[in-house]
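The opening position of the first sequence corresponds to residue 745 in our numbering, with each subsequent residue numbered one higher.
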Amino acid sequence: MHELVRTVIHEALDTLGFPRGEFTVEYTTHESHGDVATNIAMNIAKGLEKSPREVAQTLADAVRERLGARAKSVEVAGPGFINISFSASFYESVLEEALRAGDAWGSATMLSGKRIIIEYANPNPFKEMHIGHLMGAIIGESLSRFFQNAGAQTARDTFGGDVGPHVAKALFGLHHSGISTPTSSKEIGEAYVYGSRAYEDSTDTHDEIDKLNVALYHVLEKHFVNENLTQDEQELYETWQAGREVSMKAFEHLYEMLDIHFDYVFYDSDTVTPGLEAVKRGLSENIFEKSDGAIIYRGEKKGLHTLVFVTSHGTPTYETKDLGLALIKEKKFPSDKSIIITANEQVGHFNVMLCALSEIEGALAKKTIHVPHGFMRLTTGKMSSRKGTVVTASALIENVIAIAKEKNEDDEVATKVAIGAIVYMVLRQSPGADIIFDPEKSLSLEGDSGPYIQYALVRALSVLRSAGEGGRDATSSRPQHQSPPHPYILMRTLAQFPDVVAYAQERMAPNFLVTYLTKLASQWNTFYASERIIGGEQQEQMLRMAKLFAQTMSNGMKLLGVPILEKM
RNA sequence: GCCCCUGUAGUUCAAUGGAUAGAACUGCGGACUUCUAAGCCGUUAAUCGGGGUUCAAUUCCUCGCAGGGGCACCA
């Protein structure tokens, strides 16, 4: 519809000899302002040396003529808005198309032919996945779905730090507890906490962990080139491998619950070699320089931070690994766009990394975008793995499942409700903003929430089910509204769906779809409460609305990753 | 100290430079007892402060104030 209005306005401007200025077409918030409104007249009036209302009037006439029967009214209002209302027959035709499209209703082609690789979640093996990763996972998955829906060929990848100080700490802890083959993420988590404390408590253990860190890099490098390992090295390697496996298994379980399926899983250990090579090359080209035995990138010359890429121990830092990762990803999945989603605390690092990359591989840096999201902040203070105040992803999910069970004992229902509630909580606000999360109050399962939209859909599906079962029972004596306004309001909102999806995708902001679906659900609930569907006077039309609503809602929920339920 | 982000009802969040700033929670009041009450209807309540740009600013610029994050060998 959006596109239709734009086209018609452009045509009208051309025939009237008006310039094609910038303008918006927006869905109105007040019914008195029509269905859509545009500000074109106000934008071009100055250049034409006419009053905005005068321009609007001329334009409105031309637009009305072009829209013909599709328009109910085209009016000039306020300072010079042109308000357009569509006719019921036009909505009918849009919705006819929607029903025909089915699951494809809302899909688009604006990204067809494009290849997009998108990195998200990024929990680190040897640590637990916490609610911050969960937030990234949810946002990343939804954005991937939006890109796919717009026709792009997408690849999902996640990147985990399986080497580095945090791993050394965990390995140190495991060694201390005499565990050579860890079997649960709990064991590893405890080992990590132990190692972290040891790292800070004494210089001896500090040095020992540092040595372990270097040793692990060394072992992995040897393994990478198929060199024989010593007995000790072999043991270290095996413990490391078992630990990584256990962590990844736990992550996969969570991804499964969220219906996330990665095409690629990259590890730090994969990126070390290509990363170090790139930095070495860059060093000879004076992109990097040596300082205090470390290799650094002088970000300050570009107004950024100066950061270490290779430590004086010769081990690569996160920056180098990310550099290597960028090169690997491009090799595995040559793309038109590479998107990396992380929490916003990493903005500084990515600015530096991308700046360095632009000097090494300009084209690659240009198409790489870092999309930061906000923090999951606790009302009880900052999460700290040392203090044991980290809220893990699985703990959160279990918690919400328990609350959902108070209403419905069924495991599957409770799980889907919980996932829906969490996904909704994350996606309902603009992606850059922090989420203030109160672990005590947990999160809402009513009102503006995941279950609210799930429930609305459940009711619609239930109605459709009963209707399908030949449920044309007794005709109701219930009085009908004289001219029911609800179907029309619902119809109007339903027709906006593709535009909302496109808008959210362009801005990489699923919250626009969340807001829309919530409004849609609310209108459906109002409709449901006030209209008799089965057995009503206009059963056919009402059932059609139910079907359309169900189709639109489920298409939308799929884009967000909110699970669809048949019953609840 | 330097850099980045954020300040909207009591609370948690929306809003494409546009018209009357939109929800939810909480509070209070209500309806139906018929397709699922995790629902429906009603009601009170907000743009941090000062300047500026604009026909029009919650939105852009600037100066404050407040909060969060980042600033060399962590990821």
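Here a beta-carbon is modelled for each residue, glycine too, at the ideal position from N, C-alpha and C.
Determine the closest residue to residue i out of the options, with distance taken between C-alpha atoms.
{"i": "T1061", "options": "T1017, E1044, K1081", "result": "T1017"}
{"i": "R1276", "options": "T983, I1072, E819, L1208", "result": "L1208"}
{"i": "P1175", "options": "S1128, E1284, M1120", "result": "M1120"}
{"i": "A806", "options": "A935, V818, S795", "result": "V818"}
{"i": "T1112", "options": "L1122, T1123, A1100, S1266", "result": "A1100"}
{"i": "T802", "options": "D758, E840, K816, Y771", "result": "D758"}
{"i": "G812", "options": "S833, A821, D847", "result": "S833"}
{"i": "E840", "options": "Q1285, S886, K1160", "result": "Q1285"}
{"i": "I1308", "options": "F1077, L1002, I1179, T1124", "result": "L1002"}
{"i": "L1140", "options": "T768, D847, N893, H877", "result": "H877"}
{"i": "A1177", "options": "H1117, S1206, S1138", "result": "H1117"}
{"i": "S1102", "options": "V769, A1165, A1022", "result": "A1022"}
{"i": "E979", "options": "I1145, L956, K993, G1164", "result": "L956"}
{"i": "S888", "options": "F1181, G822, I1085", "result": "I1085"}
{"i": "K913", "options": "H920, T925, S940", "result": "S940"}
{"i": "Y936", "options": "T947, E1029, L915", "result": "L915"}
{"i": "T1237", "options": "E836, V1144, I784", "result": "E836"}
{"i": "Q1240", "options": "L1292, Q1282, A1137", "result": "L1292"}
{"i": "K708", "options": "F890, D1007, S1128", "result": "Because residue 708 is not part of the residues shown, which for the chain are 745 to 1312, the question remains open."}
{"i": "G850", "options": "N1030, F891, E770", "result": "F891"}
{"i": "V752", "options": "A789, T772, E775, A804", "result": "A804"}
{"i": "E934", "options": "F870, A781, N783", "result": "F870"}
{"i": "G904", "options": "S1138, M992, E944", "result": "M992"}
{"i": "D1182", "options": "A1146, L1122, I1145, V1170", "result": "L1122"}
Using a Cβ-Cβ cut-off of 6 Å (strictly less than) and excluding sequence neighbours within five positions of residue i, which residues of its own chain qualify?
{"i": "Q897", "result": "R859"}
{"i": "L964", "result": "S1013"}
{"i": "M1301", "result": "I1308"}
{"i": "G1068", "result": "T1015, P1018, G1019"}
{"i": "H1114", "result": "I1084, F1094"}
Inspect the beta-carbon positions of residue i and residue j and report whether they are closer than 8 Å.
{"i": "V990", "j": "S929", "result": "yes"}
{"i": "E1153", "j": "M1097", "result": "no"}
{"i": "A852", "j": "P1242", "result": "yes"}
{"i": "L918", "j": "G987", "result": "yes"}
{"i": "R1313", "j": "V1258", "result": "What is shown of the chain runs 745 to 1312, which leaves residue 1313 out entirely."}
{"i": "A942", "j": "I932", "result": "no"}
{"i": "A1313", "j": "H777", "result": "The question about residue 1313 has no answer here: the residues shown for the chain are numbered 745 through 1312."}
{"i": "T1055", "j": "A1070", "result": "no"}
{"i": "Y864", "j": "T902", "result": "yes"}
{"i": "L1205", "j": "M1289", "result": "no"}
{"i": "G1026", "j": "I923", "result": "no"}
{"i": "S1193", "j": "A1165", "result": "yes"}
{"i": "L1189", "j": "A1294", "result": "no"}
{"i": "E885", "j": "G1305", "result": "yes"}
{"i": "V799", "j": "A815", "result": "no"}
{"i": "T1124", "j": "V958", "result": "no"}
With 16 other CB atoms within 10 Å as the buried threshold, where does residue i fall?
{"i": "P867", "result": "buried"}
{"i": "Q1249", "result": "buried"}
{"i": "Y1232", "result": "exposed"}
{"i": "D1036", "result": "exposed"}
{"i": "E872", "result": "buried"}
{"i": "H910", "result": "buried"}
{"i": "N827", "result": "buried"}
{"i": "M879", "result": "buried"}
{"i": "I1180", "result": "exposed"}
{"i": "N1299", "result": "buried"}
{"i": "S1082", "result": "buried"}
{"i": "A1107", "result": "exposed"}
{"i": "L960", "result": "buried"}
{"i": "H1005", "result": "exposed"}
{"i": "H950", "result": "exposed"}
Enumerate in chain order the residues of its own chain whose CB-to-CB distance from residue i is below 7 Å, with the five nearest sequence positions on each side excluded.
{"i": "F968", "result": "T1017"}
{"i": "E755", "result": "R810"}
{"i": "H1049", "result": "G1043, G1092, V1096"}
{"i": "M786", "result": "P796, P823, G824"}
{"i": "F1046", "result": "The displayed chain sequence assigns Lys, not Phe, to residue 1046. Only C1099 meet the Cβ criterion."}
{"i": "L748", "result": "none"}
{"i": "I1031", "result": "A1100, E1103, I1104"}
Tell me which same chain residues have a C-beta within less than 8 Å of the C-beta of residue i, skipping the five on either side of it?
{"i": "G791", "result": "P763, G765"}
{"i": "S1079", "result": "R859, I860, I861, A899, K1073, K1111"}
{"i": "G846", "result": "Q1295"}
Report task. Can you check the region 1157-1214 for any alpha helix (DSSP H) of at least 4 residues that lies completely inside it and give the ranges in chain order? Result -> Entirely contained in the region 1157-1214, the alpha helix (DSSP H) runs reaching 4 residues are, in chain order, 1194-1212.
Requested in this report: Could you pull out every unbroken beta strand (DSSP E) segment of at least 3 residues lying fully inside the region 993-1069, listed in chain order?
Outcome: Those beta strand (DSSP E) runs which fall completely within the region 993-1069 and span 3+ residues are 1008-1011, 1033-1035, 1038-1041, 1051-1054.
Query raised in the report: Unbroken alpha helix (DSSP H) runs of length 4 or more, entirely within the region 779-849: which are they?
Result: 784-792, 796-811, 832-845
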